[in-house]
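Residues 55 to 634, numbered by our numbering, are exactly what the sequence shown covers, in order. Glycine included, every Cβ here is placed at the ideal spot set by N, Cα and C. The structure presented is a predicted model; accordingly, all values stated were derived computationally and were not measured. Scroll down for the structure; my scribbles are underneath it.
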Amino acid sequence: MDIRDRVFAATGKVKADTIFFGGLLINVNTKEMLYRDIAVKDGYIVGIGDVSSLKGHDTEMIDVTGRYLCPGLMDGHVHFESSMVTLSQFAVPALAHGTTSVVIDPHEIANVLGKAGIELVLEEASTLPLNAFVAVSSCVPATSFETAGASINVDDIASLIANENVVGLGEMMDYPGVIFCDDAKLSMIQAALKERLVVDGHCPALSREQLFGYMCAGISTDHESIEYEEALEKLRLGMKLMIREGSAAKSLDKFLPRLIEDGVSLENVFFVTDDKHPSDLLKGYMDVIVRRAMELGLSPMDAISLCTLNAAKHYRVDHIVGSLSMGRKADIIVLADIEEFIIDSVYASGRPVESFVPSYEYPDTVFNTVEFDQVTASDLQIRSNADKDHGVWVIKVVPDLIVTEKDTFVLHSDMDGILMPDVENDVLSVVVIERHGRNGNIGASFIKGMGIKNGAVGQSIGHDSHNIVVTGTDHSDMALCANTIRSMNGGICVVNNGKVVEKLELPFAGILSTLPAAEVEKKLNDLHKAVKETGCTLPAPFITHSFIALPVIPSLRLTDMGLFDVEKFSLISPIDEIMD
Numbered sequence: 055m056d057i058r059d060r061v062f063a064a065t066g067k068v069k070a071d072t073i074f075f076g077g078l079l080i081n082v083n084t085k086e087m088l089y090r091d092i093a094v095k096d097g098y099i100v101g102i103g104d105v106s107s108l109k110g111h112d113t114e115m116i117d118v119t120g121r122y123l124c125p126g127l128m129d130g131h132v133h134f135e136s137s138m139v140t141l142s143q144f145a146v147p148a149l150a151h152g153t154t155s156v157v158i159d160p161h162e163i164a165n166v167l168g169k170a171g172i173e174l175v176l177e178e179a180s181t182l183p184l185n186a187f188v189a190v191s192s193c194v195p196a197t198s199f200e201t202a203g204a205s206i207n208v209d210d211i212a213s214l215i216a217n218e219n220v221v222g223l224g225e226m227m228d229y230p231g232v233i234f235c236d237d238a239k240l241s242m243i244q245a246a247l248k249e250r251l252v253v254d255g256h257c258p259a260l261s262r263e264q265l266f267g268y269m270c271a272g273i274s275t276d277h278e279s280i281e282y283e284e285a286l287e288k289l290r291l292g293m294k295l296m297i298r299e300g301s302a303a304k305s306l307d308k309f310l311p312r313l314i315e316d317g318v319s320l321e322n323v324f325f326v327t328d329d330k331h332p333s334d335l336l337k338g339y340m341d342v343i344v345r346r347a348m349e350l351g352l353s354p355m356d357a358i359s360l361c362t363l364n365a366a367k368h369y370r371v372d373h374i375v376g377s378l379s380m381g382r383k384a385d386i387i388v389l390a391d392i393e394e395f396i397i398d399s400v401y402a403s404g405r406p407v408e409s410f411v412p413s414y415e416y417p418d419t420v421f422n423t424v425e426f427d428q429v430t431a432s433d434l435q436i437r438s439n440a441d442k443d444h445g446v447w448v449i450k451v452v453p454d455l456i457v458t459e460k461d462t463f464v465l466h467s468d469m470d471g472i473l474m475p476d477v478e479n480d481v482l483s484v485v486v487i488e489r490h491g492r493n494g495n496i497g498a499s500f501i502k503g504m505g506i507k508n509g510a511v512g513q514s515i516g517h518d519s520h521n522i523v524v525t526g527t528d529h530s531d532m533a534l535c536a537n538t539i540r541s542m543n544g545g546i547c548v549v550n551n552g553k554v555v556e557k558l559e560l561p562f563a564g565i566l567s568t569l570p571a572a573e574v575e576k577k578l579n580d581l582h583k584a585v586k587e588t589g590c591t592l593p594a595p596f597i598t599h600s601f602i603a604l605p606v607i608p609s610l611r612l613t614d615m616g617l618f619d620v621e622k623f624s625l626i627s628p629i630d631e632i633m634d
């Protein structure tokens with residue numbers, strides 16, 4: 055629908071397709087609730103208030119008397135790949151729960167498929183009723199200390215940002231590159247800013263001069279604040295604060311009550327998920343955050359604004375989405391109750407969302423991306439002097455957080471010099487296997503906090519380069535786990551007592567299924583039961599496990615190149631030379 059058609063429809067020369075009448079409109083522009091009818095033509099709002107002149111013989115009249123008309127919700131930052139389903143399949147539960155717009159950074163796909171992967175996502179997005187805006191991935195790979203399947207350079211960025219659905223440059227995880235003025239990173243930022251696009255940040259625990267320098271590059275958001283004081287300082291310095299409430303990392307309860315208590319303006323705050331597991335997605339999406347925000351003390355109007363207009367304004371798409379306003383898309387949630395945020399029905403571009411059926415067809419190239427030779431138990435072992443105690447560095451995972459802690463432990467090597475896990479003290483072996491067919495690297499170390507008592511768990515979801523991550527009590531079980539993932543062309547596997555007990559195939563780039571989210575969730579439920587039977591106690595084991603390989607989040611990580619100290623920003627030996 056072009057501008058001329060909208061003008062004709064708004065002035066009554068062309069009659070409306072649909073009119074919603076009798077409802078109480080939630081106006082996030084003026085923070086008012088007003089009885090107003092809404093007229094829709096070709097998916098856009100062309101009349102608000104008295105729209106009787108826009109009614110024609112064929113206009114569908116939808117009675118919403120006694121209900122509320124709310125703007126479609128918006129997730130300001132999500133890697134949809136965390137749902138383990140394709141964008142089309144992701145759209146189904148998202149729309150059903152009232153989320154009609156998302157800003158996606160597809161860097162999981164980009165790390166496997168490169169520029170072609172982002173182009174594929176943009177093409178698929180253009181076919182959906184879900185407004186899928188794209189922030190072009192800026193750090194592919196995230197660092198030079200891992201092996202990705204592809205890379206994104208400055209020329210790629212310049213080409214991709216020309217797409218009308220691109221709203222910015224995705225999270226700039228390489229903060230050392232920015233602070234030390236790496237030419238490639240600064241050129242990417244400059245390319246985005248030149249087109250008046252936003253540049254999203256990713257800077258956990260960054261402060262003072264380093265934060266000043268990072269922000270002076272033009273970076274305007276962050277979703278990685280660990281403590282409230284850190285988040286508040288970034289707000290005070292002019293950053294937009296993304297309050298993250300995802301499946302792996304949650305900060306809503308920690309940040310929002312303090313912001314309210316301190317009387318901080320929420321104009322530069324909006325809600326994001328970052329990562330959304332399929333089981334959580336099926337239970338609810340941004341609507342869950344709105345409800346929780348109200349429970350924590352926000353008014354319904356403010357909670358809705360932080361999930362609609364605030365995000366739309368940041369990404370400069372508020373002329374398209376974010377409010378029920380003239381000329382905007384008719385993305386409407388009909389609420390039966392505003393205090394409980396009970397959704398009655400959802401319309402995307404004026405059409406009921408249940409009418410959408412995924413049908414996008416993908417090229418064969420996305421299904422053949424896992425390339426590594428079969429491994430043996432000996433390939434996954436760390437060796438040192440025989441029959442001796444050794445001090446080792448240990449990655450300590452933290453439940454419900456993606457940060458890790460740096461720990462040490464003393465392990466004994468057997469007569470062959472193999473450092474064995476200490477299951478009784480929850481110190482297990484962990485490996486990352488390069489799977490893109492580039493070099494065959496295998497990084498090995500030790501991990502604490504998984505709680506596994508017997509067997510192994512592995513997956514080809516390993517943020518962000520998506521190499522194979524396997525943790526276990528026994529190197530033979532770990533090898534079986536890795537080789538099973540290889541045979542599936544990507545997926546998740548649980549091994550117990552030398553047998554594969556559960557698995558989930560993720561053949562799309564080794565990270566996604568083309569099945570509906572409900573079917574993937576069923577398989578994941580079986581996997582969760584299986585991993586629990588190994589003794590694992592983590593509430594979100596597969597998501598937590600997937601972040602072990604991400605070398606930009608404090609403090610200790612493992613990549614295919616080896617153990618990585620994020621604070622030192624360098625590789626270190628898994629054997630602590632001081633303790634050894």
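What are the residues that DSSP puts in a beta bridge with residue i?
i: residue 556; result: 548
i: residue 223; result: 190 and 253
i: residue 98; result: 95 and 383
i: residue 635; result: Past the edges of the chain, shown from 55 to 634, lies residue 635, and the structure says nothing about it.
i: residue 361; result: According to DSSP, which records beta bridges pairwise, residue 361 is partnered with nothing at all.
i: residue 448; result: 461 and 500
i: residue 125; result: 386
i: residue 425; result: 490
If you draw a straight line from the C-alpha of residue i to the C-alpha of residue j, how long is it?
i: residue 622; j: residue 605; result: 11 Å
i: residue 578; j: residue 85; result: 41 Å
i: residue 95; j: residue 274; result: 36 Å
i: residue 505; j: residue 592; result: 8 Å
i: residue 426; j: residue 453; result: 31 Å
i: residue 494; j: residue 520; result: 14 Å
i: residue 70; j: residue 98; result: 10 Å
i: residue 108; j: residue 64; result: 7 Å
i: residue 491; j: residue 73; result: 56 Å
i: residue 170; j: residue 188; result: 14 Å
i: residue 55; j: residue 154; result: 19 Å
i: residue 48; j: residue 294; result: With the chain running from 55 to 634 in the structure shown, residue 48 is simply not present.
i: residue 434; j: residue 613; result: 13 Å
i: residue 410; j: residue 510; result: 39 Å
Could you check what DSSP says for residue i in three-state terms: helix, strand or coil?
i: residue 339; result: coil
i: residue 154; result: strand
i: residue 638; result: Because the chain is modelled from 55 through 634, residue 638 falls outside the range shown and cannot be assessed.
i: residue 419; result: helix
i: residue 199; result: coil
i: residue 319; result: coil
i: residue 463; result: strand
i: residue 490; result: strand
i: residue 165; result: helix
i: residue 110; result: coil
i: residue 609; result: coil
i: residue 148; result: helix
i: residue 171; result: helix
i: residue 115; result: strand
i: residue 275; result: strand
Could you check where the alpha helix (DSSP H) with residue i kicks off and where it finishes?
i: residue 237; result: 237–248
i: residue 639; result: Lying outside 55 to 634, the shown extent of the chain, residue 639 is not represented and no answer is given.
i: residue 270; result: 262–270
i: residue 410; result: Run containing residue 410: none; DSSP gives neither H nor E here.
i: residue 626; result: Note, residue 626: premise wrong, no alpha helix (DSSP H); beta strand (DSSP E) at 624–626.
i: residue 25; result: The question about residue 25 has no answer, for the chain in this structure spans 55 to 634.
i: residue 440; result: Here residue 440 belongs to no alpha helix (DSSP H), and DSSP marks it neither H nor E.
i: residue 211; result: 208–214
i: residue 231; result: 229–233
How far does the beta strand (DSSP E) with residue i in it extend, from its first residue to its last?
i: residue 591; result: First-last for residue 591: undefined, no H or E at that position.
i: residue 91; result: 91–95
i: residue 312; result: Premise fails: residue 312 lies in the alpha helix (DSSP H), 306–315, not in any beta strand (DSSP E).
i: residue 82; result: Taken as a continuous stretch (DSSP letters only), residue 82 belongs to no beta strand (DSSP E), as it is neither H nor E.
i: residue 75; result: 72–75
i: residue 59; result: Taken as a continuous stretch (DSSP letters only), residue 59 belongs to no beta strand (DSSP E), being part of the alpha helix (DSSP H) at 57–64.
i: residue 400; result: 396–402
i: residue 296; result: 294–298
i: residue 516; result: No beta strand (DSSP E) contains residue 516, which DSSP labels as neither H nor E.
i: residue 4; result: The requested residue 4 is not part of the displayed model; the chain covers only 55 to 634.
Ranges of the beta strand (DSSP E) found wholly within the segment 364–392, counting only runs of at least 3 | 386–391
Which runs of the alpha helix (DSSP H) spanning at least 4 residues fall entirely within the segment 566–590, listed in chain order?
-> 571–587
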